[in-house]
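Student: Let me begin by handing over the structure; questions about it come next.
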Amino acid sequence: MFKIGIIGGGQLARMMIPAAINLGLEVRVFAESENEPAKLAVTQIGDYRVQSQLEEFARSVDVITFDHEHVPTSSLLALQEKGFRIAPSPQALSLTHNKIAMREALQTINCPQPLWSVATGEIDRENALAEVGGFPCIAKKPIGGYDGKGVRLISSWSEIGDWLSEGPVLLEERVQFIREMAQLVARREGGEIKGWPVVETRQSEGVCSEVFAPAPDLAEDKSMTAKTIAETIAESFGIVGVLAVELFETGDGKVLVNELAMRPHNSGHIFTELSRTSQFEQHLRAVADMPLGDVALAWPRGVMANIFGEVNPDRLAFALEQYPQAKVHPYQKPPRTGRKAGHVSVVGSDLDELFSMASGVRAILGDSSYAG
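Taken in order, the sequence shown gives residues 1498 to 1869; the numbers are from the numbering used here.
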């Protein structure tokens, strides 16, 4: 049986397990502890930053893929040099490890993105600021940061003095966007590529709160632009697996790239119920170099709402009784305020009705203070 190794035992690895079973694949997970969401498939517990442990895991599988993007590029390159198969490749993944490298790479393929620059010392930072249109602007730590962490809206240098003392900081213009979106595609090593409809993502306190699929009232030309952008990135950098491209739709008609993720993505959870092929199944198909699945929609529309804090098990039966159409996905994480603890998906035809149902389930199960 073909063995896929997943580094990281989080909810993304957890949701790949049933997809792997249906494809006749074996999933093995390298986790940091025995109580992570993907514990059903954990075969090794340790520290992915220790090269010997990483290599031990690589020897036990046919290909390595990822639940997260934290494995150092140097460690993955060392595995690659020894002949271990990694998908997506370390070269592609490096673009998600360093936001400055990502901006530079996207520039080489003329990808539409916000104005950006790099601030370093006192001498050149005023020039860097001018390149993004001055204050206020967005500052990002090049390495690390997710779910709104490592990002600041600044109006003075003093607001990132701590970051500047550590090294270069990525500056971006403050984009006047209408909404945020995400385009997901999956690509096999041989070049076959398929994508789902672009979705709208809504944020609460810098974290994705809801996803609407397909993005409501999006002009056809912008939908095609989003798909072309994602396909171009996947093909240009030889990405294998799922690629999620976070996007801005601007008031002047542009679609700009915000961030990249080379793995299943929170914005794609809705396609488990909405599409004939989920992002988890498609990622495994691509990584195993199997033909990609049909991405046609099984329903006209869908809404996904993240559940924060915890998915209260004592209320789950009541929530499902009140909203029998809803599909709840608990991640089995320890409760923590603001953390994604699960999600609920509802599919059908009426977007307002779907949003009402998803919000109702979330209010019963989780921390309603984080509901968008």
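In this text, a Cβ means the ideal position worked out from N, Cα and C, and glycines have one as well.
From the DSSP output, in three-state form, read off residue 1594 for me.
Tutor: The answer is helix: DSSP assigns residue 1594 an H, G or I state.
Student: Is residue 1683 helix, strand or coil by DSSP?
Tutor: Strand, per DSSP.
Student: Going along the chain, which unbroken runs of the alpha helix (DSSP H) with 4 or more residues stay wholly within the stretch 1698 to 1769?
Tutor: For the stretch 1698 to 1769, whole alpha helix (DSSP H) runs of length 4 or above, ordered along the chain, are 1717 to 1733.
Student: Flag this pair as touching only if the stretch 1671 to 1680 and the stretch 1695 to 1711 have three or more C-beta atom pairs under 8 Å; answer yes or no.
Tutor: These segments touch.
Student: Go to residue 1780, then tell me how far its alpha helix (DSSP H) extends in each direction, as first and last residue.
Tutor: Its alpha helix (DSSP H) spans residues 1776 to 1784.
Student: According to the Cβ coordinates, are residue 1800 and residue 1709 closer than 8 Å?
Tutor: Against a cut-off of 8 Å, the Cβ pair of residue 1709 and residue 1800 comes out as a contact.
Student: Are the stretch 1787 to 1806 and the stretch 1849 to 1864 touching, with three or more C-beta to C-beta distances below 8 Å?
Tutor: A contact exists between the stretch 1787 to 1806 and the stretch 1849 to 1864.
Student: For a minimum of 3 consecutive residues, which ranges assigned as the beta strand (DSSP E) are wholly contained in the stretch 1527 to 1587?
Tutor: With a minimum length of 3 residues, the continuous beta strand (DSSP E) runs that stay inside the stretch 1527 to 1587 are 1539 to 1542 and 1560 to 1563.
Student: Short of 7 Å in beta carbon distance, which residues of its chain neighbour residue 1589, apart from the five on each side in sequence? Order them along the chain.
Tutor: Closer than 7 Å at the Cβ level, and outside the excluded window around residue 1589, lie 1734, 1735, 1736 and 1759.
Student: With H, G and I counted as helix, E and B as strand and the rest as coil, what does DSSP make of residue 1842?
Tutor: Here residue 1842 sits in strand by DSSP.
Student: Rounded to the nearest angstrom, what separates residue 1545 and residue 1658 at their Cα positions?
Tutor: Going from the Cα of residue 1545 to the Cα of residue 1658 covers about 31 Å.
Student: Taking its Cβ as the centre, do 16 or more other Cβ atoms sit within 10 Å of residue 1721, making it buried, or is it exposed?
Tutor: Per the 10 Å Cβ criterion, exposed.
Student: Pick out whichever of 1673, 1637 and 1672 has its Cα sitting closest to the Cα of residue 1656.
Tutor: Per the Cα distances, 1637.
Student: For residue 1683 and residue 1762, what's the separation of their Cα atoms in angstroms?
Tutor: Straight-line Cα distance between these residues: approximately 12 Å.
Student: In the DSSP assignment, the beta strand (DSSP E) including residue 1798 goes from what residue to what residue?
Tutor: Residues 1798 to 1806.
Student: So is residue 1806 buried or exposed if we call it buried at 16+ other beta carbons inside 10 Å?
Tutor: Result: buried.
Student: Within a Cβ cutoff of 8 Å, which residues of the same chain sit near residue 1832, ignoring the five residues on either side of it in sequence?
Tutor: The residues are 1806, 1807 and 1838.
Student: Going along the chain, which residues of its own chain have a beta-carbon closer than 7 Å to the beta-carbon of residue 1516, five neighbours each way excluded?
Tutor: 1775, 1777, 1778 and 1781, listed in sequence order.
Student: Can you check whether the CB of residue 1692 is closer than 8 Å to the CB of residue 1792?
Tutor: Contact: yes.
Student: Apart from the five residues on each side of it in sequence, which residues of its chain come closer than 6 Å, Cβ to Cβ, to residue 1574?
Tutor: Taken in chain order, the residues that qualify are 1587.
Student: For residue 1613 versus residue 1667, is the C-beta spacing smaller than 8 Å?
Tutor: In this structure, residue 1667 lies closer than 8 Å to residue 1613 by Cβ.
Student: For the structure I just gave you, are there three or more beta carbon pairs, one from the stretch 1735 to 1749 and one from the stretch 1532 to 1549, closer than 8 Å?
Tutor: The stretch 1735 to 1749 vs the stretch 1532 to 1549: no contact.
Student: Provide the residue(s) that pair with residue 1670 in DSSP beta bridges, ordered along the chain.
Tutor: Answer is 1634.
Student: Tell me the DSSP bridge mates of residue 1651?
Tutor: Its beta-bridge partners are 1634.
Student: What are the start and end residues of the beta strand (DSSP E) that includes residue 1858?
Tutor: Where residue 1858 is concerned, there is no enclosing beta strand (DSSP E), although the alpha helix (DSSP H) it sits in stretches over 1848 to 1862.
Student: DSSP three-state label for residue 1693, please.
Tutor: DSSP places residue 1693 in coil when its eight states are reduced to three.
Student: Check whether the stretch 1763 to 1771 touches the stretch 1608 to 1628, counting contact only when three or more Cβ pairs, one atom from each stretch, lie closer than 8 Å.
Tutor: No contact exists between the stretch 1763 to 1771 and the stretch 1608 to 1628.
Student: In terms of residue numbering, what span does the alpha helix (DSSP H) encompassing residue 1810 cover?
Tutor: Per DSSP, residue 1810 belongs to the alpha helix (DSSP H) from 1810 to 1819.
Student: Smallest Cα separation from residue 1555: which of 1531, 1564, 1539 and 1583?
Tutor: Comparing Cα-Cα distances from residue 1555 to each of 1531, 1564, 1539 and 1583, the minimum goes to 1583.
Student: Please state whether DSSP places residue 1835 in a helix, a strand or coil.
Tutor: Note: residue 1835 maps to strand in three-state DSSP.
Student: By Cβ distance below 6 Å, which residues in the same chain neighbour residue 1641 in space, the five residues on each side in sequence not counted?
Tutor: Result list for residue 1641: 1647, in chain order.
Student: Please list the terminal residues of the continuous beta strand (DSSP E) segment that includes residue 1790.
Tutor: Looking at the DSSP string, residue 1790 is not in any beta strand (DSSP E), and its letter there is neither H nor E.
Student: Can you check whether the CB of residue 1672 is closer than 8 Å to the CB of residue 1725?
Tutor: No, Cβ-Cβ distance for residue 1725 and residue 1672 is not below 8 Å.
Student: Exposed or buried, residue 1537, counting other C-beta atoms within 10 Å across all chains shown (16 or more means buried)?
Tutor: Its Cβ having fewer than 16 others within 10 Å, residue 1537 is exposed.
Student: To the nearest angstrom, how far is it from the Cα of residue 1845 to the Cα of residue 1618?
Tutor: Rounded to the nearest angstrom, the two C-alpha atoms are 54 Å apart.
Student: Would you say residue 1719 and residue 1752 are within 8 Å of each other, going by their C-beta atoms?
Tutor: Closer than 8 Å, so yes.
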